[in-house]
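**Student:**
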Amino acid sequence: MELTLSQILSLLILGIFHAGIVYMIFNQLIKQSGAAFASLTNYFVPVIGVVLGTILLGDQFDMNTWLALFIILVSLLIGSFASYKHTNM
């Protein structure tokens, strides 16, 4: 497999700049809000994936998808409430 210069530059930009920027933002979030809150942001990944899949690819929601999204969002609410309660005591 041969890579063109454009592909190599794209990989470098994605790997160095975009990942580096996200890493710095995540560390800033940990500083400001704490590790417990920052770890909750990882649960948004499947929600965003489902929404983007529906919008961009025309994926269909079924009952399992609704149930999974509901469980994730309720878990986020419980986790953020517990994190907020713990830090304000």
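Here this note's numbering = 1-based position in the sequence shown + 1195. Glycine included, C-beta positions come from ideal geometry on N, C-alpha and C. Since the model is a prediction, treat every value here as computed from it, not as a measurement.
1. With respect to the alpha helix (DSSP H) encompassing Tyr-1218, which residues constitute its N-terminal and C-terminal limits?
2. Looking at Phe-1221: is its Cβ nearer than 9 Å to the Cβ of Ser-1275?
3. Between the alpha carbons of Pro-1241 and Tyr-1218, how many angstroms are there, rounded?
4. By how many angstroms is the C-alpha of Ile-1266 removed from the C-alpha of Lys-1226?
5. Assuming Leu-1264 and Val-1245 make a contact with CB atoms under 8 Å, what is their CB distance in whole Å?
6. Pull up the distance between the alpha-carbon of Gly-1253 and that of Phe-1239, whole angstroms please.
7. How is the alpha helix (DSSP H) around Leu-1209 delimited, first residue to last?
8. I'd like the ranges of any alpha helix (DSSP H) spanning at least 4 consecutive residues and lying wholly in the region 1232-1261.
**Tutor:** Straight from the coordinates:
1. 1214-1228
2. no
3. 19 Å
4. 28 Å
5. 6 Å
6. 20 Å
7. No alpha helix (DSSP H) contains Leu-1209, which DSSP labels as neither H nor E.
8. 1239-1252
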